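Trainee: The structure is given below, and queries will be raised subsequently.
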Amino acid sequence: MNPATPLALLAELTHRCPLQCPYCSNPVELERASNELSTAEWKRVIDEAAALGVLQIHFSGGEPTSRRDLVELVAHARASGLYTNLITAGVLLDAAKLKALVEAGLDHVQLSFQDSEAEGGDRIGGYKGGHVRKLELARLVREAAPAAPPQGTPPLMVAGGIGPDNVTAALTESGAWGVDVSSGVESAPGIKDIALMERLVARVKEGIEQ
Ligand code: SF4
């Protein structure tokens, strides 16, 4: 294993977000939408990442669903052989938009919660009704999983599960997620491409043993 080869690309597509969490890691001076990388530029970055040996792409922000080209970018990443994860606050997604992303090849949804209760979640995120929307998206994500998925695992899941006992798990960073995968395939039920994940697990283990 080449230790310089990254496992994952965190693609921060935009600084735009309808929420206003006080702990947000966005810079104080937000990049304007007109200054964001274009669709063609992101496709080039994805191609370069795949050529480097990157296995996963995490679409993030800001709120990545603010980008109109998200479906196109997910499709491009999947066609490039990358495992695709969407890190989202969830309030801009509805059934039709989720369906389009799934059809584009989205493998996994990581849905963030600001609190386990609606009152606290809406207050921290500064978005009235946001918590209810997140729960609705969680339901839609689970419904998007086929009744008899390949390898006995659904293609999509909400990261860490939904509920007061699992909220902290939903805040997992992409690196921690990768290490968690090394504990066994069963711990990543969003897996659709087992061969890809086995390669990832092997590379993570090699890195730990070095
Ligand atoms: S949902 Fe994420 S990007 Fe949006 S304000 Fe909160 S921390 Fe920042």
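The numbers in the sequence shown follow the working numbering, run straight up by one, and end at 194.
Beta carbons are placed, not taken as given, at the ideal position from N, Cα and C, and that holds for glycine.
Bear in mind the structure is a predicted one, so any value in this text is a computation, not a measurement.
(1) In angstroms with no decimal places, state the Cα-to-Cα distance between L3 and L121.
(2) Going along the chain, which unbroken runs of the beta strand (DSSP E) with 3 or more residues stay wholly within the region 27 to 92?
(3) Closer than 8 Å to a non-hydrogen atom of the ligand SF4 - does that hold for the CB of L(-9)?
(4) Determine, using beta carbons only, whether L95 and K112 come nearer to each other than 9 Å.
(5) Could you check how far apart the C-beta atoms of V75 and V125 are, in whole angstroms? I think they sit under 8 Å.
(6) Would you kindly work out how many angstroms separate the C-alpha atoms of L77 and S9, rounded to a whole number?
(7) Compute the distance between the beta-carbons of L36 and T(-11), then report whether it is under 9 Å.
(8) Would the beta-carbon of T49 fall within 9 Å of that of T72?
(9) Does the Cβ of R123 have 16 or more other Cβ atoms within 10 Å, making it buried, or fewer, making it exposed?
(10) Assuming R51 and T(-2) are in contact, meaning their beta carbons sit under 8 Å apart, how far apart are those beta carbons, in whole angstroms?
(11) Mapping DSSP to helix, strand and coil, what is A17?
(12) Candidates A88, W26, A79: which alpha carbon is nearest L(-6)'s?
Mentor: Result, derived from the coordinates:
(1) 16 Å
(2) 40 to 44, 67 to 72
(3) no
(4) no
(5) So it is not a contact: roughly 14 Å between Cβ atoms.
(6) 22 Å
(7) The answer is yes: Cβ separation under 9 Å.
(8) yes
(9) exposed
(10) 6 Å
(11) helix
(12) W26
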